[in-house]
Amino acid sequence: VLFVDPVQEDACDYVKMAELFYHHYVPVRMGFVFILSTKEEIDGNEDAGIALWRTFNYITEESDTSQAFTSITNMCHEVKDGSILTVNHVKDVLRSEYPHADVQSILGVHSEYDEGRKAGATFYKKTGLGPLPQALFNGVPISKEEMGAAELEAVFIQKIVDATGFFQRAVSMGLLNDHINAVDFLMDQHDVVSRINPTVLGAERRYIHFGFTSVPFDVEDFSTFSFLDSQDKSAVISDNMKYLTKTDEGALYAVTIWIIADFDKPAGRRLLSNALKHLKTSSHTRVGILNNPSSKIKEDNTAIARGILTAFLTHSNSNLKSFLSKLTKEETAKSLAAGTKIVKFLIPGMDDDTFEKKYNTLGLDIIKTHQMFCQEVLKLLPGQMAVMSNGRVLGPLDEFYAEDFNLLEKITYSTSAEKIKAIVKEMGNSSKNGSDLIMKIDALLSSSPKTEVRQAAELLKEQHSVVKVDPQQNESFYDVIAIVDPLTREAQKMAHILIVLKDIINVKLRLFLNCRSKLSEVPLKSFYRFVLEPEITYGINKHLPSEPVAKFLELPESPLLTLNMITPESWLVEAVNSSCDLDNIHLQDIKGTVTAEYELEYILLEGHCFDVTTGQPPRGLQFTLGTKNNPVMVDTIVMANLGYFQLKANPGAWTLRLRKGRSEEIYQIFSHEGTDSVADLTDVIVVLNNFRSKIIKVQVQKKSAKMNEDLLTDGTTGKKGNRESVTRFSEEIPTEEKEKKSDILNIFSVASGHLYERFLRIMMLSVLRHTKTPVKFWFLKNYLSPTFKDIIPHMAKKYGFEYELVQYKWPRWLYQQTEKQRIIWGYKILFLDVLFPLAVDKIIFVDADQIVRSDLKELRDLDLNGAPYGYTPFCDSRKEMDGYRFWKSGYWASHLGKRKYHISALYVVDLKKFRKIAAGDRLRGQYQALSQDPNSLSNLDQDLPNNMIHQVAIKSLPQEWLWCETWCDDESKKKAKTIDLCNNPKTKEPKLKAAARIVPEWVDYDSEIRKLIQQIEKDKKN
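So in UniProt numbering, spot 89 of the sequence shown is number 89, and the numbers just go up one at a time.
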C-alpha cells in the first residue's frame, strides 16, 4: 500500500512501478491511498490531486476500477521526468479517453464524483505514519532510505521473496490453508498494531525507579516532599496515586498509565479525553493523573485540575468517568472561566457534599507536589505534556491520540507486563498492591540492558537420559538446563563449560542427552579439551599466572593422532615448540609425554570494503596497515566476495590507508564504520584493545578524474622501488620489487607433518638442481612445524634461494573444513589471489611429495592460451588401473564431456589473468555452494577446479609434466619432467618405500638433506 500525494515529485514514478508489476504478473496486490485536501469545498480545476480523484471516480462509474487505474497511469506517462502532475495532464487524458465527458462538472467545486476524498487523509493521520510518501508491505512500513523510486522496486521484489518463505512455513505448519484469508492471517499476527508511533515504538526508552517508602507520606505535604530524593519522590507519588479503571471490580491491572499535563489548558484536556476513550475498550489498563501547571499556581488558574483531583480522591469508576468526560469539554472550561461553580457540573450519582467539602479544602500543595515531581524527576518544563506507562516516560508530547494509547498498552502488555502479572497473581497480592507491584517490577526490569530473551523449557519427564546435579542446600542457586547430543563437537565443549560453571556458582543442573536414534557411522572423530579455568592459577613463583593448559589423559595408543587447535576467528596461532611430529602422533612408539607449545602470534583486523558509487566491492584494491612511525607494516587486497579483506595486527593503535600506487591514484576513502576515528577521515584509525574480533566497514570512491579506470588493467605499474601490492602476510620485511625486475622462479608448496616436510625439502632440492634461474619458495606458514621453520633459513643460505612464509586466516563467512588435510587442500586452491603480491605474475604449485627432473622455468614460460592456470591431465596409459579411474564414469564423465580430469599435484597459475577474471572469487563461490554437501568435493583441491572448468578454463599441460606410477605406464617414465608419488589405491604401498623404489635420485637427495640437518644440530650444540 502506497500513501502518496499525487502532486509530489515521485508520485507518478510509484504509479508506473505498480503498472510494471501489474503487466508482468508479479504476485502482489498493490493499492494507493491518495492524500488529498480535506477542505469542504475545493475546485479540481485548481488542484491536480482533486482532479485526479474525481476523474478516477468518474471513470470507475463509467467503466470499472481497472480502466480507471489505467487512465491514471496514462496521466503519469504524460508527466516528464522531474516534473509533477498538473490539472492539464488530467484534463488531456480525460478528454482523450472520454470526448463527451463534461470536464467542468466532473472537476468543479460541486462535483458529484467527490465521494471518499477525505478518507485517505483521515486514515493516513490515524496510522501515525511519517512524512509522505510512505509504503507498507503486508503492513510493515518501508524505511525512508528505501522509499526512493529507483530503490523501491528492488525492495519490493526482495520482500516478495521473503514473504513467500514466510507463507510457505505457515502452510507447512498448518497455520494457513485454502479456507483462511491470507490478509486475515497477517492481521492476526501478534506484532500487528493499528497505528505507528515512533515515540511508542522507539528503541530509546527512559524509565523511572519507584522504590519503596518505609514511612507513609501524604502527597499533600509539600514541605516534606521537597526534601526527598528522586526515588523516594517516585515512591510517594506511586503510593498516593488514585486510579480510574474500566470497571469497579477489584482486578489486577498489568498496565498503569499516568497522564501528565496542565488540565486547565485545552491540550491537557484533550490528552485526558483521549485516555478516557481508550479506557472504554481496555481491560488491562488503569489511569492516574499528574498536573503540570504552565504558570504560577493559584486557585483561579487551577479550577479544572483541582476538580479532577477531587473527583479522583472522592469517587470511583462509573461516576468518575462521566464527570471527567464532562470536565474535558471546552464548553465546561468556558463556563468555569465565566464564574460558574464546579459543583454545577456534578452528575447524578455523585456524592455532592463529599466532593464539595474536599474541593474546598484541597488546597494547592498537592498541585505543587505534582509540579515538583514533573520537573525534578520527569525533567519536564512547566506545562509540558507526557504519558507514563509502567514507569516508562514518553514525552514531552504535543499530541497523543486514543489510538496511541491503544498501541502503548499493547506494547507494554505484550512485551513484559503480561508475564509479570501472571507471576504476581500467583503470589496472591491484592488488586491495588498487586497492580503497583507489576508497575514497579516492569519499570525495574525494562530499564535494565536487554539480553537474550528467556525461553521457558517445558520438561515432561526426567526419568531417563538425564544427568542431575543438586545445588547446595539453603542457598540461592541458578537453575541450569542443558540439552545436548552427546556425540557432537558442541557436547564436547559444553561438558567442560558445565564443569567450570558448577565450580564457580551454586547450580541446580539437569543435563539431558538428546541422542540421535540411528547413526551410520560414529560422528565424533576427535578428542577435545576446552581451555577454560574457573579461576586464575599461579605457577611456582606465585607471581605470574600459569599458562593455560589442555591435558589429554588415557588416550588410546594404537591410532595415529593429530594435534590441532580451534581458536577464535580473529586469532593467528602457531606451534612454537613440540616434542614430536604433531601430525603423526603414534603413542605406542613414543616414550614419555607428548608436549606442544602454541603462541598467539597475531590478532586479525577484518573488514568489508565497497565502492560508494556502485555499491560493489572494489576488487583488487589494496590497503596498508601500520603505525605513525612505520606506516606500512602489513598490506592486503580486497576480495570480490563480500568486499572482504584481512590484515594481521596486535594490540595497539593502527592506521589503515590505501596503498601507494594505483589504489591511491584511483580511489579515495569516502567513509568508514566500526573504527576509532571520525568517519570522514582518510587515515582510518583502528584500536585493538582486546582479544575479540574487530570488523570494520570501509566505503571508497573513485576520484573524479579516474572514473573510467580499472585497478586490474595495469596492476603492476608503480613507483620505482615500491612493491605494488602484497596480498599475503609476509614472515619477513618485504624486499624491494625484485620479483618483477629479476627473472625469479616462484614455487608454492604446502606441507604438514614431519614426513611431508621431509618430502618437501627433497622436492626443493630437486627443483634447484634442474634450473639456473633464481628460485623463491613460498610456503604456507599455518601448518609448518617448528622444526621446519628452524631449518629453512640454513637451507636458504646453503643453496642460495629465497623463501617467504605466507599466512591467511580462513574467512569466517566461508564454509569451514574441520579435517586438517581438507583445510590444506582448501589453501591450495581457494586463496591464490590473496596469498601472493601482485608483482608475482606467475607461480607454480608443486606437491611436497614430488621430484622435479626438468627446469620449471620452461613450465612458467609456457603459453596458457588465455587460461588462468594450467594442470596436467591424469594418465590413461596404465590399463590395469582402469577400475579406479572414477572420472571415466558417472558425474565426471557427464560433466567433463571430451575434456580431461586434471591432477592437482602440479599446476602453473597466471596470477595476473587469475585476478583479472575474478577466478578466486568464482572458485570460492562454487566452493561455498558445494562444500556443505558431504558427498561433494571429495578431493577438494582437485575436484573444485575440474568442476569449474566451464567457468574458469584449464590449460591442459603436456602429459610429460607429471608422471605418476599409479596411472602412467613404465614406458612414459623416460619423458617425465616431474614424478609424483601418488597414493596407489590398489597396492597401498607406503610412500617412503615407493619413493626409494620409483625415483633412484630420491635416496641421494634425502641423504644430502639429512647430513645438512645433522650439521645444523651439531652447530647449535657447539
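A virtual CB, placed ideally from N, CA and C, is assigned to each residue, including glycine.
Could you give the DSSP three-state label for residue i: helix, strand or coil?
{"i": "residue 978", "result": "strand"}
{"i": "residue 915", "result": "helix"}
{"i": "residue 501", "result": "helix"}
{"i": "residue 389", "result": "strand"}
{"i": "residue 723", "result": "Unreliable positioning characterises residue 723 in this predicted model, as indicated by a pLDDT of 34, which lies under 50. The coordinate reading is nonetheless provided below. In this structure, residue 723 counts as coil in the three-state DSSP scheme."}
{"i": "residue 359", "result": "helix"}
{"i": "residue 571", "result": "strand"}
{"i": "residue 1054", "result": "With the chain represented from 1 up to 1022, any question about residue 1054 goes unanswered, as that position is not in the structure."}
{"i": "residue 370", "result": "helix"}
{"i": "residue 545", "result": "strand"}
{"i": "residue 555", "result": "coil"}
{"i": "residue 536", "result": "coil"}
{"i": "residue 839", "result": "coil"}
{"i": "residue 928", "result": "helix"}
{"i": "residue 238", "result": "helix"}
{"i": "residue 261", "result": "strand"}
{"i": "residue 809", "result": "coil"}
{"i": "residue 15", "result": "helix"}
{"i": "residue 107", "result": "helix"}
{"i": "residue 779", "result": "strand"}
{"i": "residue 850", "result": "strand"}
{"i": "residue 9", "result": "coil"}
{"i": "residue 194", "result": "coil"}
{"i": "residue 153", "result": "helix"}
For a quick check, are the C-beta atoms of residue i and residue j less than 7 Å apart?
{"i": "residue 817", "j": "residue 980", "result": "no"}
{"i": "residue 647", "j": "residue 636", "result": "yes"}
{"i": "residue 702", "j": "residue 669", "result": "no"}
{"i": "residue 712", "j": "residue 916", "result": "yes"}
{"i": "residue 461", "j": "residue 605", "result": "no"}
{"i": "residue 974", "j": "residue 960", "result": "no"}
{"i": "residue 783", "j": "residue 752", "result": "yes"}
{"i": "residue 107", "j": "residue 48", "result": "no"}
{"i": "residue 799", "j": "residue 760", "result": "no"}
{"i": "residue 149", "j": "residue 35", "result": "no"}
{"i": "residue 276", "j": "residue 246", "result": "no"}
{"i": "residue 791", "j": "residue 803", "result": "no"}
Looking at the unbroken beta strand (DSSP E) that takes in residue i, where does it start and where does it end?
{"i": "residue 609", "result": "596 to 611"}
{"i": "residue 901", "result": "It is not in any beta strand (DSSP E) - residue 901 carries neither H nor E in the DSSP assignment."}
{"i": "residue 328", "result": "First-last for residue 328: undefined, no H or E at that position."}
{"i": "residue 266", "result": "From DSSP, residue 266 is part of no beta strand (DSSP E) but of the alpha helix (DSSP H) over 266 to 279."}
{"i": "residue 32", "result": "32 to 34"}
{"i": "residue 675", "result": "Looking at the DSSP string, residue 675 is not in any beta strand (DSSP E), and its letter there is neither H nor E."}
How would you label residue i, buried or exposed, when you count the other beta carbons within 10 angstroms and need 16 or more for buried?
{"i": "residue 11", "result": "buried"}
{"i": "residue 866", "result": "exposed"}
{"i": "residue 727", "result": "For residue 727, the predicted model reports a pLDDT of 34, less than 50, meaning its position is unreliable and no value from the coordinates is stated."}
{"i": "residue 197", "result": "buried"}
{"i": "residue 181", "result": "exposed"}
{"i": "residue 183", "result": "exposed"}
{"i": "residue 339", "result": "exposed"}
{"i": "residue 259", "result": "buried"}
So residue i is in the alpha helix (DSSP H); what residue range does that whole segment cover?
{"i": "residue 947", "result": "940 to 947"}
{"i": "residue 793", "result": "786 to 799"}
{"i": "residue 58", "result": "48 to 62"}
Using 8 Å as the cut-off, can you tell me whether the region 384 to 400 makes contact with the region 321 to 339, which would need three or more C-beta pairs spanning the two stretches below that distance?
They do not touch, by the three-pair rule.
Three or more C-beta pairs closer than 8 Å, one from the region 822 to 831 and one from the region 922 to 929: is that the case here?
A contact exists between the region 822 to 831 and the region 922 to 929.
Please confirm if the region 405 to 423 is in contact with the region 362 to 373, defined as three or more CB-CB distances below 8 Å between the two stretches.
Note that the region 405 to 423 does not touch the region 362 to 373; fewer than 3 beta-carbon pairs, one per stretch, sit closer than 8 Å.
Would the region 305 to 312 count as touching the region 259 to 267 if we require 3 or more Cβ pairs under 8 Å?
Yes: the two stretches touch, three or more of their Cβ pairs being nearer than 8 Å.
If contact is defined by three or more beta carbon pairs under 8 Å, each pair taking one atom from either stretch, is the region 798 to 811 in contact with the region 925 to 943?
Output reads no: the region 798 to 811 does not touch the region 925 to 943.
Evaluate the contact criterion for the region 509 to 522 versus the region 474 to 493: three or more CB pairs, one atom per stretch, below 8 Å.
Touching, yes.
Do the region 218 to 232 and the region 350 to 359 make contact, defined as three or more Cβ pairs closer than 8 Å?
Verdict: no, contact absent.
Any 3 or more C-beta pairs closer than 8 Å across the region 22 to 36 and the region 80 to 100:
No contact exists between the region 22 to 36 and the region 80 to 100.
Is it a yes or a no for the region 418 to 428 touching the region 288 to 306, going by three-plus beta-carbon pairs under 8 Å?
Using a Cβ-Cβ distance cut-off of 8 Å, the region 418 to 428 and the region 288 to 306 are not in contact, since fewer than three pairs of beta carbons, one from each stretch, lie closer than that value.
Taking contact to mean at least 3 C-beta pairs separated by less than 8 Å, is the region 638 to 656 in contact with the region 601 to 618?
Yes: at least three Cβ pairs fall under 8 Å.
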